[in-house]
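Add 94 to the 1-based position in the sequence shown for the working numbering, that's all there is to it. Before any comments, here is the structure.
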Amino acid sequence: MTHSTLTLYDIHAWVVWLISTTILILMARNPLYTILILFAVQIVAAVHGVVVNHAFRISLWRWGVLIVTLSTLFNLISVHVGETVLFALPDSWPLVGGDITAEAAVYGASNGLLLVTLLATFLAFNQIAPVHELIRLVPSSLRDLGIVILIAITYVPETQRHLQKIRQAQAIRGHEVRGWRDWRPLILPLLIGGLERAMGLAEAMVARGYGATAERSQSLKAQLVLVMGLLAGLGGWVSALWIGWPGWLLMGVGVLLVVGIVWWQSRQIAHTDYRQRPWRRIDSALLLMALIPFLFIIVAGGFPAAYSPYPLWQWPPFDLWVGAAVSGIALPAALPPPMHKRKPA
C-alpha cells in the first residue's frame with residue numbers, strides 16, 4: 095500500500111465535514127456558537143492538519159484581528175441604529191454622519207467573527223486535504239480546469255520556496271536586503287527560476303498529451319441543456335428575491351441540470367486510476383462524526399433565532415444543548431492522526 099493510502103483519510107469524508115461545518119457557521123448567527131465552532135475547527139486542524147511550507151503559512155489570528163477590526167469599524171460608521179450612543183458625527187457628513195452606537199459595533203464584530211470562522215474552516219481543510227486529492231474531485235469533463243487550478247494553487251508556494259532558497263544563497267555570499275534596490279540580485283534569479291519551471295512543466299504536459307487537440311466535441315444537446323441550467327439558476331436566484339420559494343425551486347432545477355450534464359459528460363470520458371483507495375471503516379467513522387452535529391441541529395429544529403444587538407445591546411442567548419452540538423465539529427480530532435504526525439513510542 096502506498097504512503098498516502100496509509101496516512102490519509104478519504105477526501106470525500108473531509109469534504110462532507112467542510113460542507114457540514116460551513117452550513118452550521120452560516121446557520122448559527124450567534125457569536126457564542128461561532129466561537130465554539132472556531133475552537134472546534136482549530137482542534138481538528140491541530141490533530142489532522144499538515145503545514146508543508148511554514149514560510150507560506152497564513153497567520154489566522156493576525157488576519158482574524160484585522161478582519162474583526164475592519165468589520166467593526168465599517169459597521170460602526172455606516173449603521174446609525176441603536177440606543178447606546180457612544181458619540182455623534184455631524185449629519186452633514188455623507189454616509190458616516192449620525193449617531194455612533196455600541197450596537198452597531200457589536201453587530202459588526204459578530205459579522206467579522208463569522209468571516210474569521212469561515213476562513214479558519216477553509217484553512218483547516220487546506221491543511222488536512224492534499225492538493226492532488228482535491229484535484230481528483232474535479233469531474234473528468236472539467237479536467238483541463240482542474241489542471242489550471244492545480245498549477246495556480248502550487249505556483250505561489252513554489253515561488254515562495256524558490257525565493258527563500260535564493261535569499262539563503264545570497265546571505266551566504268554576504269548580501270543583505272536593506273532597501274528596494276537590494277532586491278535586484280534576487281529578482282533576476284527568481285524570474286529565471288520561474289521560466290525554467292514553466293518550461294519544464296510545459297514539456298511534461300506535452301509529453302503526456304495535453305497539447306494534443308481533443309477529438310471529442312461537445313454535442314449541441316449538451317450545450318443547450320447547460321445554457322438552460324445556467325439561465326434557470328440565474329433566473330431563480332434573481333426571482334427568489336421577489337417571489338420567494340418558487341424562485342429557489344427554479345434555482346434548484348437549474349443547479350440540477352448543470353450538475354447532471356457535467357456528470358453525464360464525465361461518464362463519456364474514460365480514465366484510469368492507477369492507485370485506487372478503498373473505503374475503510376475509519377472513513378465511515380469520520381463521515382459519521384462529520385454529520386452528527388449537523389443532524390443533531392436539524393432534528394432539534396435548527397438554531398434559535400439569530401442574535402441581533404438592536405435596538406439595545408444585550409448578551410447573546412446560549413443553549414447548552416446547541417453549544418454541545420456545535421462543539422461536536424471537533425469529533426474528528428478523536429480519530430487517529432496521520433501516521434507521519436504520530437510520535438514514536
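Here a beta-carbon is modelled for each residue, glycine too, at the ideal position from N, C-alpha and C. Computed from a predicted model, the values in this text were never measured in an experiment.
In whole angstroms, give me the CA-to-CA distance for residue i and residue j.
{"i": "L102", "j": "V352", "result": "31 angstroms"}
{"i": "A214", "j": "P224", "result": "17 angstroms"}
{"i": "I423", "j": "T115", "result": "7 angstroms"}
{"i": "R261", "j": "I229", "result": "32 angstroms"}
{"i": "P403", "j": "L389", "result": "28 angstroms"}
{"i": "S313", "j": "W415", "result": "53 angstroms"}
{"i": "A149", "j": "V242", "result": "Low confidence applies to A149: its pLDDT is 43, below 50, so where it sits in the model is not reliable, and the reading given next is rough at best. Approximately 24 angstroms between the Cα atoms of the pair."}
{"i": "R123", "j": "S360", "result": "38 angstroms"}
{"i": "D377", "j": "W108", "result": "9 angstroms"}
{"i": "V173", "j": "T163", "result": "15 angstroms"}
{"i": "N220", "j": "E290", "result": "27 angstroms"}
{"i": "L207", "j": "I117", "result": "15 angstroms"}
{"i": "P431", "j": "V141", "result": "6 angstroms"}
{"i": "L507", "j": "R237", "result": "One cannot answer for residue 507 here, as it falls past the ends of the chain, which runs 95 to 439."}
{"i": "L100", "j": "V356", "result": "Here L100 scores only 42 on pLDDT, less than 50, and its place in the model should not be relied on; the value that follows carries that caveat. When rounded, the distance between both Cα atoms is 32 angstroms."}
{"i": "V300", "j": "M293", "result": "11 angstroms"}
{"i": "F412", "j": "Y127", "result": "8 angstroms"}
{"i": "N147", "j": "S234", "result": "Because the pLDDT of N147 is 49, which lies under 50, any placement of that residue in the model is unreliable, and the question is left without a value."}
{"i": "M121", "j": "S204", "result": "13 angstroms"}
{"i": "A316", "j": "L257", "result": "46 angstroms"}
{"i": "W409", "j": "N169", "result": "19 angstroms"}
{"i": "A212", "j": "A199", "result": "According to the sequence as given, residue 212 is Leu; it is not Ala. Cα to Cα, the separation comes out at about 20 angstroms."}
{"i": "E202", "j": "P405", "result": "A quick correction: the sequence has Gly, not Glu, at residue 202. Near 14 angstroms, if we compare the C-alpha coordinates of P405 and G202."}
{"i": "E270", "j": "K259", "result": "14 angstroms"}
{"i": "A400", "j": "I119", "result": "12 angstroms"}
{"i": "D185", "j": "I161", "result": "28 angstroms"}
{"i": "S153", "j": "L318", "result": "46 angstroms"}
{"i": "L112", "j": "F216", "result": "8 angstroms"}
{"i": "L189", "j": "W407", "result": "23 angstroms"}
{"i": "L280", "j": "G348", "result": "50 angstroms"}
{"i": "A298", "j": "E252", "result": "17 angstroms"}
{"i": "L325", "j": "W358", "result": "19 angstroms"}
{"i": "S421", "j": "I266", "result": "49 angstroms"}
{"i": "L339", "j": "P398", "result": "First, the amino acid is wrong: residue 339 is Trp here, not Leu. Roughly 22 angstroms between the two C-alpha positions."}
{"i": "Q362", "j": "Y249", "result": "31 angstroms"}
{"i": "W277", "j": "V393", "result": "59 angstroms"}
{"i": "G268", "j": "Q254", "result": "21 angstroms"}
Buried or exposed: residue i, going by 16 or more other Cβ atoms within 10 Å of its Cβ?
{"i": "F133", "result": "exposed"}
{"i": "V135", "result": "buried"}
{"i": "T166", "result": "buried"}
{"i": "W187", "result": "exposed"}
{"i": "E197", "result": "buried"}
{"i": "P125", "result": "buried"}
{"i": "S245", "result": "According to the sequence provided, residue 245 is Ile. The question's Ser does not apply to it. Burial call: exposed."}
{"i": "L130", "result": "buried"}
{"i": "A419", "result": "buried"}
{"i": "G191", "result": "exposed"}
{"i": "A439", "result": "Below a pLDDT of 50, predicted positions are generally treated as unreliable, and A439, at 41, falls in that range; no measurement from the model is reported."}
{"i": "I222", "result": "buried"}
{"i": "A218", "result": "buried"}
{"i": "G396", "result": "exposed"}
{"i": "L239", "result": "exposed"}
{"i": "L231", "result": "exposed"}
{"i": "L425", "result": "buried"}
Got a sec, what are the start and stop residues for the beta strand (DSSP E) residue i sits in?
{"i": "T178", "result": "Counting along the chain, T178 falls outside any beta strand (DSSP E), and DSSP gives it neither H nor E."}
{"i": "G192", "result": "G192 to T195"}
Am I right that residue i and residue j are in contact with their C-beta atoms under 8 angstroms? What's the rounded C-beta distance?
{"i": "V210", "j": "G143", "result": "Actually they do not touch by this definition, with Cβ atoms about 17 angstroms apart."}
{"i": "I194", "j": "A182", "result": "7 angstroms"}
{"i": "M345", "j": "G327", "result": "5 angstroms"}
{"i": "A427", "j": "V110", "result": "No, A427 and V110 are not in contact; Cβ-Cβ is about 16 angstroms, not under 8 angstroms."}
{"i": "G354", "j": "W342", "result": "Contact doesn't hold; Cβ gap of about 18 angstroms is too wide."}
{"i": "E227", "j": "I105", "result": "4 angstroms"}
{"i": "L381", "j": "L429", "result": "About 11 angstroms; that fails the 8 angstroms criterion."}
Note the first and the last residue of the continuous alpha helix (DSSP H) segment covering residue i.
{"i": "D377", "result": "R375 to V393"}
{"i": "G294", "result": "R278 to A301"}
{"i": "I423", "result": "Unbroken run through I423: none, as it is neither H nor E."}
{"i": "S165", "result": "L154 to S172"}
{"i": "R267", "result": "Neither: R267 is in no alpha helix (DSSP H) and is coded neither H nor E."}
{"i": "F412", "result": "Counting along the chain, F412 falls outside any alpha helix (DSSP H), and DSSP gives it neither H nor E."}
{"i": "P340", "result": "W339 to R361"}
{"i": "Y404", "result": "Careful: Y404 lies outside any alpha helix (DSSP H) and carries neither H nor E."}
{"i": "P125", "result": "P125 to H142"}
{"i": "S114", "result": "I105 to A122"}
{"i": "V232", "result": "From DSSP, V232 is part of no alpha helix (DSSP H); its letter is neither H nor E."}
Check: If we count Cβ pairs, one from each stretch, closer than 8 angstroms, do we get three or more for the stretch 175-189 versus the stretch 370-387?
Finding: no
Margin query: Would you call the stretch 280-287 in contact with the stretch 333-352, where contact means no fewer than 3 C-beta pairs closer than 8 angstroms?
Written below: no
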